[in-house]
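Position 281 of the sequence shown, counted from 1, bears residue number 281 in full-length UniProt numbering, the numbering being contiguous throughout.
Below: the structure, in C-alpha cells.
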Amino acid sequence: MATLMPLQAPDIRNAKRLVVKIGSALLVDGEGLRRQWLSALALDVAEARTRGTQVILVSSGSIALGRRVLHLPPGPLALEQSQAAAAVGQIRLARAYEEVLAPHGITTAQVLVTLEDTEDRRRYLNSRATMETLLALGTVPIVNENDTVATDEIRYGDNDRLAAQIAVTVGADQLVLLSDVDGFYSANPKEDPAAERFDLVEAITPDLEAMAGDPISGVSKGGMKTKIMAAKTAVAGGCAMAITEGSVMRPLKALETGAARTWFVAQGDPQVARKRWINAMKPRGTLKVDAGAVHALRAGKSLLPAGVTAVEGNFGRGDPVDIAGPAGEVLGKGLTRYTAVEAVQIAGHRSAEIEGILGYSGRAALVHRDDMVI
1 MATLMPLQAP DIRNAKRLVV KIGSALLVDG EGLRRQWLSA LALDVAEART RGTQVILVSS
61 GSIALGRRVL HLPPGPLALE QSQAAAAVGQ IRLARAYEEV LAPHGITTAQ VLVTLEDTED
121 RRRYLNSRAT METLLALGTV PIVNENDTVA TDEIRYGDND RLAAQIAVTV GADQLVLLSD
181 VDGFYSANPK EDPAAERFDL VEAITPDLEA MAGDPISGVS KGGMKTKIMA AKTAVAGGCA
241 MAITEGSVMR PLKALETGAA RTWFVAQGDP QVARKRWINA MKPRGTLKVD AGAVHALRAG
301 KSLLPAGVTA VEGNFGRGDP VDIAGPAGEV LGKGLTRYTA VEAVQIAGHR SAEIEGILGY
361 SGRAALVHRD DMVI
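Here it is as C-alpha cells:
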C-alpha cells in the first residue's frame with residue numbers, strides 16, 4: 001500500500017506569478033520613506049524576474065507619506081484628510097518604486113483600484129485584462145487602493161484583502177504578505193510569550209480564525225483578522241499565501257532561504273479554481289458558433305466574433321453566457337467582453353472590422369480563452 005507524502009510548504013523560487021503585499025509600517029518610519037529597505041526589495045524583485053517569475057507589488061504607504069508632507073497630526077484622519085494625503089503621497093510612492101526598479105531594467109506601472117473594480121464583473125474583466133497586458137509587456141505593476149476617491153462604502157480598508165483579491169484576479173500561484181510579524185500565531189506574540197507560530201496551515205478552521213487578533217502596528221491598518229480573511233480568499237482561488245516578517249533587508253530572499261513564516265496551502269490550481277467559478281455562474285444568454293469555431297475552442301483558442309452565427313439573450317459585458325455548437329449543443333460557458341447588442345452587430349465579422357462597426361476599438365475576442373470553460 002502506498003504511503004502518503006507529507007505536505008510540503010511552497011517554495012517562492014517556484015512561483016510563476018507572485019503577488020507581494022508591502023505594508024505601510026515597512027515602507028515608512030519616523031524619518032519618512034525607508035529608501036534603503038526599498039532598494040533591497042528591488043533586488044529581490046529583479047532576482048525573481050530573472051527566474052522567470054512575474055511579480056506584482058501591492059503597496060501601502062501613500063497616506064503615510066502624504067500626511068508627513070502635509071504636516072497632518074498623528075492618529076486617525078478624517079476621510080477628506082486621508083484622501084488629500086493619498087493624493088500627495090501616491091505620487092511620491094510611485095516615483096520611489098520607479099527609481100529603485102529602473103536600475104534593474106524594470107519598468108513599473110501604477111494601478112489604482114477600488115472595491116467596486118473587483119465586485120463588478122465588467123470592471124473586474126477590465127482590471128484583469130489590463131494586468132495581464134502589463135505583465136505580458138514585462139512591467140511590474142504597483143497596485144494600491146485608490147484612496148483619493150474611495151469612500152468607506154467602496155473601500156477594502158486594508159491592503160491584505162486587496163492583495164488577495166488581486167492575486168485571485170490575475171491567477172497568481174503565490175501571495176506573500178510582508179508584515180511586522182513573522183507568521184500566524186496562536187495568540188499575539190507581543191502580548192503572550194507562550195504563543196506558537198504555525199509553519200503550515202492546511203485548512204482555515206473556525207478555531208484558527210478565533211486566534212486572530214488586532215493590528216500590532218500603529219501605522220498599518222491590517223491585523224491578523226484581515227490576514228486570515230485574505231488567506232481564505234487566496235487559497236480558495238488556488239493561490240498559496242505566506243505571512244512573513246518584512247522589515248529585514250531583502251525579505252523575499254530571506255523567505256527563500258528559510259526565514260520564519262506561515263504558509264497557507266492553496267486549494268487546487270488557480271486556473272482550475274477560476275474555471276470552476278465561471279462554470280458555477282448562471283448564463284445570461286447564448287452564443288451559437290460554427291464548426292470552425294468549435295474546432296478552435298476545443299484547441300484552446302478564444303472565441304472570435306467571426307465564428308458566431310447567432311446571439312440569444314440580454315446580457316452585458318462581463319456576464320456569463322453559454323457557448324453552443326451548430327446543433328445547439330452546449331460546449332461550455334464564458335464571460336463575454338461585449339453586450340448582447342454589440343455581439344449581434346459584430347457576429348460573423350473579423351476582429352479587424354469591430355472598430356468600423358461599433359465606432360470604437362474593442363477587444364479582438366468576444367470571449368477570451370482565460371474567461372471560458374469548454
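Idealized CB from N, CA, C, for every residue including glycine.
Quick caveat: nothing in here was measured; it's all calculated off a predicted structure.
Open item on the list: Is it the case that the segment 91-109 contacts the segment 193-202, given that we only count it when at least three CB pairs across the two stretches are under 8 Å?
Closed with: no
TODO: Take the Cβ of glycine 222 as the centre, count every other Cβ of all protein chains shown within 10 Å, and call the residue buried at 16 or more, exposed below.
DONE: Here the question's residue 222 lines up with position 222 in the sequence shown. At glycine 222, the pLDDT of 46 sits below 50, so the modelled position is not reliable and the matter cannot be decided from this model.
Open item on the list: Does asparagine 144 come out as helix, strand or coil in the three-state DSSP assignment?
Closed with: Stepping through the sequence shown from its first residue, residue 144 is reached at position 144. In the structure shown, asparagine 144 sits in a strand (DSSP, three-state: E or B).
Task: Uninterrupted beta strand (DSSP E) stretches inside the UniProt domain "PUA" (285-367) (no shorter than 3 residues) - done: 285-289, 308-313, 320-324, 330-335
Open item on the list: I need the DSSP call for threonine 233, collapsed to helix, strand or coil.
Closed with: Residue numbering aside, residue 233 sits at position 233 when the sequence shown is read from its first letter. Threonine 233 falls in the helix class under three-state DSSP.
TODO: Look up aspartate 139 in the DSSP assignment and say whether it is helix, strand or coil.
DONE: Taking the first residue of the sequence shown as 1, we reach residue 139 at position 139. The sequence shown places threonine at residue 139, rather than the aspartate named in the question. Coil at threonine 139, not helix or strand.
Task: When Val111, His349, Thr233 are compared against valine 265, the one with the closest alpha-carbon - done: Looking up residue 265 in the sequence shown gives position 265. Checking every option, the nearest Cα to that of valine 265 belongs to Thr233.
Task: Which residues DSSP lists as bridging arginine 17, in chain order - done: For the purposes of this step, residue 17 is taken as residue 17 along the sequence shown, with counting starting at 1. According to DSSP, arginine 17 bridges with Gln54.
Open item on the list: For threonine 108, list the residues DSSP reports as bridge partners.
Closed with: Residue numbering aside, residue 108 sits at position 108 when the sequence shown is read from its first letter. For threonine 108, which the question treats as bridged, DSSP gives the partners Val140.
TODO: Could you tell me the distance, in whole angstroms, from the CA atom of glutamate 196 to the CA atom of serine 82?
DONE: Position 196 of the sequence shown holds residue 196. Position 82 of the sequence shown holds residue 82. Glutamate 196 and serine 82: Cα-Cα distance of roughly 36 Å.
Open item on the list: My output table needs one value for arginine 369: the three-state DSSP class, helix, strand or coil.
Closed with: Numbered from 1 along the sequence shown, position 369 holds the residue referred to as residue 369. The answer is helix: DSSP assigns arginine 369 an H, G or I state.
Task: Those residues which DSSP pairs with glycine 32 across a bridge - done: For the purposes of this step, residue 32 is taken as residue 32 along the sequence shown, with counting starting at 1. Glycine 32 is bridged to Asp29.
Open item on the list: Let me check understanding here. Comparing Cα to Cα, which of Ala273, Ile354, Gly362, Asn188 lies closest to aspartate 371?
Closed with: Sequence index remark: in the sequence shown, residue 371 carries index 371 (1-based). When only C-alpha atoms are compared, the closest one is Ala273.
Task: Collapsed DSSP secondary structure at glutamine 271 in the structure displayed - done: For the purposes of this step, residue 271 is taken as the residue at position 271 of the sequence shown. Helix at glutamine 271.
TODO: Return the Cβ separation of aspartate 173 and alanine 15 in integer angstroms, given the expectation that the two are a contact with Cβ distance under 8 Å.
DONE: Taking the first residue of the sequence shown as 1, we reach residue 173 at position 173. Taking the first residue of the sequence shown as 1, we reach residue 15 at position 15. Yes, aspartate 173 and alanine 15 are in contact; Cβ-Cβ is about 6 Å, under 8 Å.
Task: Cα-Cα separation, alanine 2 to glycine 258 - done: For the purposes of this step, residue 2 is taken as the residue at position 2 of the sequence shown. For the purposes of this step, residue 258 is taken as the residue at position 258 of the sequence shown. Confidence at alanine 2 is low in this model, with a pLDDT of 38, below 50, so its placement is unreliable and the value that follows should be read with caution. Straight-line Cα distance between these residues: approximately 30 Å.
- [ ] Could you pull out every residue in the same chain whose Cβ sits closer than 7 Å to the Cβ of glycine 32, ignoring the five residues on either side in sequence?
- [x] One-based indexing of the sequence shown puts residue 32 at position 32. The residues are Arg68.
- [ ] Would you mind reading off the limits of the alpha helix (DSSP H) that contains residue 375?
- [x] The structure shown does not extend to residue 375, since the chain spans only 1 to 374, so no value can be given for it.
- [ ] Would you mind working out which of Leu18, Val100, Gly316 sits nearest alanine 340, comparing C-alpha positions?
- [x] Here the question's residue 340 lines up with position 340 in the sequence shown. With distances taken between Cα atoms, alanine 340 lies closest to Gly316.
Task: DSSP three-state assignment for arginine 92, whether helix, strand or coil - done: Within the sequence shown, the letter at position 92 stands for residue 92. Here arginine 92 sits in helix by DSSP.
Open item on the list: Measuring straight from C-alpha to C-alpha, what distance separates glutamine 90 and alanine 48?
Closed with: Within the sequence shown, numbered from 1, the residue matching residue 90 stands at position 90. Within the sequence shown, numbered from 1, the residue matching residue 48 stands at position 48. Each residue's alpha carbon lies about 25 Å from the other.
Task: Validate contact between the segment 355-367 and the segment 302-312 using beta carbons, cut 8 Å, 3 pairs - done: yes
- [ ] Find out if the Cβ-Cβ distance for the pair alanine 167, histidine 104 is shorter than 8 Å.
- [x] Stepping through the sequence shown from its first residue, residue 167 is reached at position 167. Stepping through the sequence shown from its first residue, residue 104 is reached at position 104. Contact: no.
TODO: For serine 220, collect the residues of the same chain with a Cβ closer than 6 Å to its Cβ; drop the 5 residues on either side in sequence, then sort them by chain order.
DONE: Sequence index remark: in the sequence shown, residue 220 carries index 220 (1-based). Caution applies to serine 220, whose pLDDT of 43 falls short of 50 and renders its modelled position unreliable; the value that the coordinates give is listed next. Gly23, Ser24, Ala25, listed in sequence order.
Task: C-beta contact flag for valine 45 and isoleucine 106 at 8 Å - done: In the sequence shown, counting from the first residue as 1, residue 45 sits at position 45. In the sequence shown, counting from the first residue as 1, residue 106 sits at position 106. Contact flag set, yes.
Task: Alpha carbon of glycine 171 to alpha carbon of alanine 296, nearest angstrom - done: For this step, residue 171 is matched to residue 171 along the sequence shown. For this step, residue 296 is matched to residue 296 along the sequence shown. Glycine 171 and alanine 296: Cα-Cα distance of roughly 23 Å.
TODO: Kindly identify the DSSP beta-bridge partner or partners of methionine 224.
DONE: As a first step, residue 224 is located in the sequence shown; it is residue number 224 there, counting from the start. Methionine 224 is not bridged to any residue.
Open item on the list: Within a Cβ cutoff of 7 Å, which residues of the same chain sit near isoleucine 357, ignoring the five residues on either side of it in sequence?
Closed with: As a first step, residue 357 is located in the sequence shown; it is residue number 357 there, counting from the start. The residues are Gln345, Ile346, His349.
TODO: Report all residues from its chain with a CB closer than 6 Å to the CB of valine 373; omit the five preceding and five following residues, and keep chain order.
DONE: Stepping through the sequence shown from its first residue, residue 373 is reached at position 373. These residues qualify, in order along the chain: Lys275, Ile278, Asn279, Gly332, Lys333.
Open item on the list: Nearest by alpha-carbon distance to proline 270: which of Tyr185, Ala254, Ala164 is it?
Closed with: For this step, residue 270 is matched to residue 270 along the sequence shown. The residue with the shortest Cα to Cα distance from proline 270 is Ala164.
TODO: Measure the C-alpha to C-alpha separation of threonine 336 and glycine 359 and round it to an integer number of angstroms.
DONE: Here residue 336 is taken as the residue at index 336 of the sequence shown, counted from 1. Here residue 359 is taken as the residue at index 359 of the sequence shown, counted from 1. Taking the straight line from one Cα to the other gives about 19 Å.
TODO: Determine the direct distance from the alpha carbon of valine 176 to that of arginine 230, and round the result to whole angstroms.
DONE: As a first step, residue 230 is located in the sequence shown; it is residue number 230 there, counting from the start. As a first step, residue 176 is located in the sequence shown; it is residue number 176 there, counting from the start. Before going further, note that residue 230 is alanine rather than arginine in the sequence given. Going by the C-alpha atoms only, they are around 11 Å apart.
- [ ] Spell out the partners DSSP gives methionine 281 in its beta bridges.
- [x] Start at 1 with the first residue of the sequence shown, and residue 281 comes out as number 281. In DSSP, methionine 281 forms no bridge with anything.
Open item on the list: Please classify asparagine 314 as buried or exposed, where buried requires at least 16 neighbouring CB atoms within 10 angstroms.
Closed with: Numbered from its first residue, the sequence shown carries residue 314 at position 314. Asparagine 314 should be labelled exposed.
Open item on the list: Can you check which of these residues, Trp37, Gly325, Gly285, is closest to glutamate 312 by C-alpha distance?
Closed with: For this step, residue 312 is matched to residue 312 along the sequence shown. It is Gly285.
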